[in-house]
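**Student:** Sharing a structure, written as structure tokens. Questions coming.
Protein chains in written order, with my numbering: chain A, 5 to 423; chain B, 5 to 423; chain C, 5 to 423; chain D, 5 to 423.
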């Protein structure tokens, strides 16, 4: 396959002018499969050799919103792995996940990203206090910002799912947390929270794409608000859960009663292996079911399994069986089977988040951004789970924020238009 | 199973007071399975022995809208069949579709409905002109109105799907149509249109729940508008198509490209037999696919089959296979299998339409009601197919219309509230 | 529905004459749903008001084998429940599992069965030693045999799945087991094994339709062989597992490699509740997967879940996802969704076992009958799991045994004929 | 991916010695996707760089049968296309069907095959009589045989499905057929039959892997028998039909009644386009359903569709819905979804047929070989469709024939062993 830039590629050039400078996308877990797909994608979109399919920000709903172009995004990040990104991308191409021709075309760009990846925080080998670790990580991010003269940096956690930590008093009080962090004999925060605090310390916007603790501890959120950074989370809504949040409102709108919603997820790859750990999977399962129960009621029976099936590789197959009670107690059943490379569903959302958090940052917004709940299983700052309502909220927020950032450019955006 | 009225049954007593009198529900195809289920249901809901599950008008979205109570609905209709309704209901109970205990509990009420069913128009045996037939049918409806002192009558066509007629000049000009109707040597209109015109002549609101021609001929719609009746259509959106109109917007909102959407429907019963006729099925297939193509684009490959499988009876099973292109051309597939008694999905919508068209009529509205497109595969007066947008439009219309009809009662309705 | 005996009902009158007298079917768990379905079925078949659909013994493969007629089977059993069988049958008819008209037609016969049901062994309330309990239960069976002048009695365990007991030395040595049983301060055997031993003591043939311990303890099998009774087991192969044992040989015969075989079972009803107990489900899961792994190799990844979903009632829905590697490592996937009333799949097999074990008993066979492995997930005395091979073995055994029992009658049986 | 020969690759070296020389595999449609996959596969297996997964002849059932080694097979054929085979293979690798590394490894071998491909018969451009065409094609095959000193040549038709011809008297009488073939003004035979006759004329064994007419005209089969060549057919049993022939016997063996079996096949690629032609698809549909109806009875309702869905490429997805009646009329439903590259299922069977027809030829067998019905939807010379019975027949035939060909080598073959 020969690839030539497509001059008619509208998505590489958003309609509304973004005049706020280049932005950094700093990925926690920068050599993982989601990050690799996102890095390959950003550069393919920037080069105009692939359309922005799968990006909400390139879709009709957000047309006219001033967002950084794909060629204005610089990628870097933290990871414990040292496998070169280009090698990782080739492996994913061999596995059928990434198109080999696109990987080949962005080879040079991936090497440039490699030069921007720093070692992540490793609790097993880190010597000093967690405060030291946070300072080192924040320093990496700040240096990245300076090195590339970035107007905004967005840190997104796409690392492996961790077990959730037991609750502790320090998680609720920033003073006692600070004391514990300074104590080299303790390692009070899980890795995802160390990384999140480093993002905050570096003054970066932050998004948590995993169900790990991340910034989701009260003391950390207090610190983020004090620092004035915008943030969003949590746990990317990519496949089965996405489906559920469009189907469940259909049933309730029609006055039907969902009685049970059973689900089984099969996947291999790194994610499969991570989720084979019963502790790690617990946080994932809770996160996956929360939106469903919020939409159809806590009384619904909703068994849910995630099975590690290594031979399936990165393709995730999810089967759902829904039993709904209709008119005069009639039985309705719906089965869905969804099959896709999970990381390929996640990657465009990561790019969307980088663009939209840059916009929020440019508009001076801080704290949790409920409108970005659209992207997450567990929306921070919002209890809206119904997909269509989330879409409406996102459009509305993006349109208003866009007007604040670039009044003239955004003048033509249709607000609240019917899809 | 013993059934006792449930005093806590909120759905039997809508919040907002309806003060506009009793309403008639006149069913074309009054002894068919949809009509039988609707008749059983109305009386079970009126008696408070079953909840209004499956009725949109009893759901959270329309709470506070003043609508006739279930016990304010009187049922009658036209049919060619003479099988007693109670017998028909027992047969459907034997087949597992209707609950036997509910059928037994409303036996007396069904006999009363039987007394309100008049012979339908039969082109094979009708002697005079079609104008005569229309006058006779309209007379039946008017007598029903008078007999029961009904404030409003809603005629709903739930009869078997017909083949669509070839287009003719008379369908576009009400004068030449009138001339043709008066000519006993011609039978220019299909049965569904004869019935629709009778509804108009009798000054009743009208809804077309089938894909047949019905009122959907320009000259007929002109006559309906002249007569000032409200109407809605067409082809009830009950199962597979309902599903498609929530799934398709999910893909487009997320910037994904639907490449193909293949579907197979298996069903037996009367509907299966009707749709085994290639001519009848053609109108159904066109209607089923129209919304999909409108939502995802005309370029989508969308083979669709309806197979008559008599042994499956009234349970319809629909399998859809959706191929979607995502980020960097990645392949996403979704399969859905929906299984339900189709008539049990339709019946509550028929009751909803009776209530909502009564409201429109009470508010003095006439012509096509785009907000009722929510209930149909082929919405008249609207090109909105996305389910969530239809739900928003329905709520908004119902709320405003309710305010017009009963200003005080509707004061507490939340307008445009997020689900 | 009116039911009239069907004079042409071939299945009520097997071709080959059975001249060995009436047989007793003694069910452990005689008021459960499998037993109720079997009791309703035996009497419906005996009366000629239903065909023997679902009975292997009435199928083409065993034509000509001399087996007791359905009207020669007398039903009794043990249970802790006291709900009348006719009431239980009506409840199952209300739930849609049994046809109401058939239940009504056999009402009198069910009352007669009721009179043959004795209290089962209840460890919670039993006062003496387990030896006492066994003697009491065996006495019940012997009295049943005498009361009805039965030539053969077949005891079949269709009670709820138990947790498997921890292994103990007494399970391997009949002498020390006898001592422990005589000691009223111990309750060494699980209930299913107490019942199995009672069957052996009463000289009855025995089949274990559940994955519980039953007769499957070495010391018990020694006692059974000493007593000379024929027996078969274990765990009826009804749905998903049946499917697996025809699909797996297809793949291996074609030289394909099964890589993973994931399964999820959803069910409610009594079985769902029983299997919600993690201990009880463990024995079930092991039993379900054993045949699969034997057919495709121990290396296959085979996660398996059984979820209790009460709203689904007695309908079991099982989804399997099979990943197979084909030529040049190509990926083949197969998904199956099986949906049925599980007890209705089991009941005809229970009747088949009663007839075939009577035949074995008449032929003087004793010990484990490997040919009856056809009916079980975990065949005793055989490691053949492939369904087609089991069918061949069953035909061959039935034909030979039939010849031994009734040489003339069975002369026309085609041996080894191609299906 | 680096590929190194696997010294432990048992499949590259069959146990039983084949001493009858090199064999030719002559493919009609030699540049199509099945042929390309077969050519890539033969050379990969010969080189020991891939295991013979998917080949029945390399499975446990036929161990010990003397068959030509993969490195003793020489590939050639006829085709109208001139796309180089190596290019075709690369395209199929790009599409994800063939592994790119394997294609690269056999590049040189594919070029050698290219040199053995001759232009096929093109009715649109052929100038003389069909007898001339047959002679030219037969000459190509004979020259291939001579050029490579082949002991046996097997011609296999893997070309696109044709519409079936109308019946004609000449199809039933070899004399009048000969006259018609000699007449240049007629083109009485479809292309597949011209090719089949060329195979016969060249004294080659022949297999028809498609539902086209091929050798399946009485006069042609007479000629084949006269010429003494062995042949087998028809229409490779690869996916959905394979599945049906293991599932249907399961139901009948258990005495259940299949009521309906509905199927939908979605595919793109060349096959999808060919089968979009209603005439071509008709022969396919008949062939697909014939075995099913033979197994479960003609009364079964069995709607079947093949839809051309170009975006799905060569992956075929087939959904089947089976409704089965069980005990006391209980409803059982089974849905299967099978998804695979169809050509990758076909290719190993083509290699199997080449090996087994060489064996038959070596044993001096001629005429239709019923035992090879195992590989076909429409077995010639047999009405056995049940997969397990076909497998038994194949093993038995292969074992006996092997003994005839190489008495010593085959001595250790287990005959009739239980799988």
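Every residue gets a Cβ at the ideal spot worked out from N, C-alpha and C, and that includes glycine. Only a predicted model underlies this, so the values are computations on that prediction, with no experimental measurement involved.
Who are the neighbours of residue 106 (chain B) on chain A, taking C-beta pairs under 8 Å?
**Tutor:** Mapped onto the second chain, residue 106 (chain B) falls at position 102. Under the 8 Å cutoff, chain A gives 332.
**Student:** Alpha carbon to alpha carbon, what distance is there between residue 389 (chain C) and residue 351 (chain D)?
**Tutor:** On the fourth chain, residue 351 (chain D) is found 347 positions in, with the first residue counted as 1. On the third chain, residue 389 (chain C) is found 385 positions in, with the first residue counted as 1. For residue 351 (chain D) and residue 389 (chain C), the distance between alpha carbons rounds to 29 Å.
**Student:** Where does residue 159 (chain D) land, buried or exposed, given buried means 16+ other C-beta within 10 angstroms?
**Tutor:** Along the fourth chain, read from residue 1 onward, the residue named residue 159 (chain D) stands at position 155. Buried, since its Cβ has 16 or more Cβ neighbours within 10 Å.
**Student:** Could you name the residues of the segment 252 to 274 of chain B whose beta carbon sits closer than 8 Å to any beta carbon of chain D, in the order they occur along the chain?
**Tutor:** 263, 264, 266, 268, 270
**Student:** Give the single residue among A:31, A:305, A:410, A:21 whose Cα lies nearest to the Cα of residue 212 (chain A).
**Tutor:** The residue given as residue 212 (chain A) occupies position 208 in the first chain. Minimum Cα distance to residue 212 (chain A) is reached at A:31.
**Student:** So, for residue 5 (chain D): in the same chain, excluding its five sequence neighbours on each side, which residues have a beta-carbon less than 6 Å away from its beta-carbon?
**Tutor:** Your numbering for residue 5 (chain D) matches position 1 in the fourth chain. For residue 5 (chain D), the pLDDT reaches just 38, beneath the cut-off of 50, and the residue's location in the model is therefore unreliable, although a value from the coordinates is still provided. The answer, listed in chain order, is 105.
**Student:** To which residues does DSSP link residue 271 (chain C) through a beta bridge?
**Tutor:** Taking the first residue of the third chain as 1, we reach residue 271 (chain C) at position 267. Answer by DSSP bridge pairing, in chain order: C:312.
**Student:** To the nearest angstrom, how far is it from the Cα of residue 111 (chain B) to the Cα of residue 164 (chain B)?
**Tutor:** Here residue 111 (chain B) corresponds to residue number 107 of the second chain, with the count starting at 1. Here residue 164 (chain B) corresponds to residue number 160 of the second chain, with the count starting at 1. Across the structure, residue 111 (chain B) and residue 164 (chain B) are spaced so that their CA atoms are roughly 25 Å apart.
**Student:** Give the secondary structure of residue 154 (chain D) by DSSP, where H, G and I count as helix, E and B as strand, and everything else as coil.
**Tutor:** Counting from 1 along the fourth chain, the entry for residue 154 (chain D) is found at position 150. Residue 154 (chain D): coil per DSSP, three-state reduction.
**Student:** Name, please, each residue of chain A whose Cβ falls closer than 9 Å to the Cβ of residue 243 (chain D).
**Tutor:** Working through the fourth chain from its first residue, we reach residue 243 (chain D) at position 239. None at all; the shortest Cβ gap to chain A is about 18 Å.
**Student:** How many Å lie between residue 27 (chain C) and residue 260 (chain D) at the Cα?
**Tutor:** To locate residue 27 (chain C), count along the third chain from 1; it is residue 23. To locate residue 260 (chain D), count along the fourth chain from 1; it is residue 256. One C-alpha to the other measures close to 25 Å.
**Student:** Is it buried or exposed for residue 325 (chain B), if we count other Cβ within 10 angstroms and need 16 for buried?
**Tutor:** For the purposes of this step, residue 325 (chain B) is taken as residue 321 along the second chain, with counting starting at 1. So residue 325 (chain B) ends up on the buried side.
**Student:** Does the count of Cβ pairs from the segment 183 to 197 of chain D and the segment 55 to 74 of chain D closer than 8 Å reach three?
**Tutor:** no
**Student:** Pull up the distance between the alpha-carbon of residue 416 (chain A) and that of residue 322 (chain C), whole angstroms please.
**Tutor:** Within the first chain, the letter at position 412 stands for residue 416 (chain A). Within the third chain, the letter at position 318 stands for residue 322 (chain C). Any reading at residue 416 (chain A) is ruled out, since the residue's pLDDT is 46, under 50, leaving its predicted position unreliable.
**Student:** What are the complete alpha helix (DSSP H) segments, minimum 4 residues, inside the segment 13 to 67 of chain D?
**Tutor:** 37 to 50
**Student:** Shortest alpha-carbon distance to residue 156 (chain B) belongs to which of B:130, B:206, B:115, B:249?
**Tutor:** What you label residue 156 (chain B) is simply residue 152 of the second chain in a count that begins at 1. The residue with the shortest Cα to Cα distance from residue 156 (chain B) is B:206.
**Student:** Pick helix, strand or coil for residue 365 (chain C), following the three-state DSSP scheme.
**Tutor:** Residue numbering aside, residue 365 (chain C) sits at position 361 when the third chain is read from its first letter. Look at residue 365 (chain C) here: in three-state DSSP terms it is helix.
**Student:** So residue 84 (chain B) packs on residue 117 (chain B), CB below 8 Å; how close in whole Å?
**Tutor:** The residue given as residue 84 (chain B) occupies position 80 in the second chain. The residue given as residue 117 (chain B) occupies position 113 in the second chain. About 16 Å separates the Cβ atoms of residue 84 (chain B) and residue 117 (chain B), ruling out a contact at the 8 Å cut-off.
**Student:** Using a Cβ-Cβ cut-off of less than 7 Å, give me the residues of the segment 306 to 320 of chain B that come near chain D, in sequence order.
**Tutor:** 307, 309, 311, 313, 314, 315, 316
**Student:** Kindly indicate the opening and closing residues of the beta strand (DSSP E) around residue 234 (chain B).
**Tutor:** Reading the second chain from its first residue, position 230 is the one you call residue 234 (chain B). Residue 234 (chain B): member of the beta strand (DSSP E) spanning 234 to 237, first to last residue.
**Student:** Answer yes or no: do residue 477 (chain B) and residue 257 (chain A) have a C-beta to C-beta separation smaller than 8 Å?
**Tutor:** Missing from the structure shown is residue 477 (chain B); chain B here goes from 5 to 423 and no further.
**Student:** Determine the direct distance from the alpha carbon of residue 33 (chain B) to that of residue 124 (chain B), and round the result to whole angstroms.
**Tutor:** As a working note, residue 124 (chain B) is residue 120 in the second chain. As a working note, residue 33 (chain B) is residue 29 in the second chain. About 8 Å.
**Student:** Which residue's Cα is closest to the Cα of residue 236 (chain A): A:380, A:172, A:185, A:270?
**Tutor:** To locate residue 236 (chain A), count along the first chain from 1; it is residue 232. Considering only alpha carbons, the answer is A:380.
**Student:** Return helix, strand or coil for residue 159 (chain C), following the three-state DSSP convention.
**Tutor:** On the third chain, position 155 is the one that residue 159 (chain C) refers to. Correct three-state label for residue 159 (chain C): strand.
**Student:** Hey, is the segment 41 to 59 of chain D in contact with the segment 75 to 82 of chain D, meaning 3+ C-beta pairs nearer than 8 Å?
**Tutor:** yes
**Student:** Within a Cβ cutoff of 6 Å, which residues of the same chain sit near residue 273 (chain C), ignoring the five residues on either side of it in sequence?
**Tutor:** Sequence index remark: in the third chain, residue 273 (chain C) carries index 269 (1-based). Excluding sequence neighbours, residue 273 (chain C) sits near 317, 318.
**Student:** How would you label residue 1 (chain C), buried or exposed, when you count the other beta carbons within 10 angstroms and need 16 or more for buried?
**Tutor:** Chain C is shown from 5 up to 423; residue 1 (chain C) falls before or after that span and cannot be answered.
**Student:** Which residue from C:81, C:310, C:22 puts its Cα closest to that of residue 162 (chain C)?
**Tutor:** Taking the third chain and counting its residues from 1, one reaches residue 162 (chain C) at position 158. Among C:81, C:310, C:22, the Cα nearest to that of residue 162 (chain C) belongs to C:81.
**Student:** Whole angstroms are fine: how far does the CA of residue 267 (chain A) sit from the CA of residue 3 (chain A)?
**Tutor:** Residue numbering for chain A in the displayed model covers 5 to 423; residue 3 (chain A) lies beyond these limits and cannot be assessed.
**Student:** So is residue 242 (chain A) buried or exposed if we call it buried at 16+ other beta carbons inside 10 Å?
**Tutor:** Position 238 of the first chain, counted from the start, is the residue given in the question as residue 242 (chain A). Buried: at least 16 other Cβ atoms inside 10 Å.
**Student:** Decide yes or no for the touch test of the segment 242 to 256 of chain C against the segment 390 to 403 of chain C: beta carbon pairs closer than 8 Å, at least 3 of them.
**Tutor:** The segment 242 to 256 of chain C, when compared against the segment 390 to 403 of chain C, does touch it at the 8 Å Cβ threshold.
**Student:** Whole angstroms are fine: how far does the CA of residue 384 (chain D) sit from the CA of residue 373 (chain D)?
**Tutor:** The residue labelled residue 373 (chain D) in the question sits at position 369 within the fourth chain. The residue labelled residue 384 (chain D) in the question sits at position 380 within the fourth chain. Computed Cα separation, rounded: 7 Å.
**Student:** Count the other CB atoms within 10 Å of the CB of residue 25 (chain B); is the residue buried (16 or more) or exposed (fewer)?
**Tutor:** For this step, residue 25 (chain B) is matched to residue 21 along the second chain. With fewer than 16 other Cβ atoms within 10 Å, it is exposed.
**Student:** Taking 8 Å as the CB-CB cut-off, is residue 99 (chain A) touching chain B?
**Tutor:** Here the question's residue 99 (chain A) lines up with position 95 in the first chain. So no, residue 99 (chain A) is outside the interface.
**Student:** Residue 303 (chain C) versus chain A: which residues are under 8 Å apart at the beta carbon?
**Tutor:** Position 299 of the third chain, counted from the first residue, corresponds to residue 303 (chain C). Neighbours of residue 303 (chain C) in chain A, taken as residues whose beta carbon is under 8 Å from its own, are absent, since the nearest beta carbon is some 10 Å off.
**Student:** Which residues, in order along the segment 336 to 360 of chain B, keep a beta-carbon less than 7 Å from a beta-carbon of chain A?
**Tutor:** Flagged, chain order: 336, 337, 338, 339, 340, 341, 342, 343, 344, 345, 348, 349, 351, 352.
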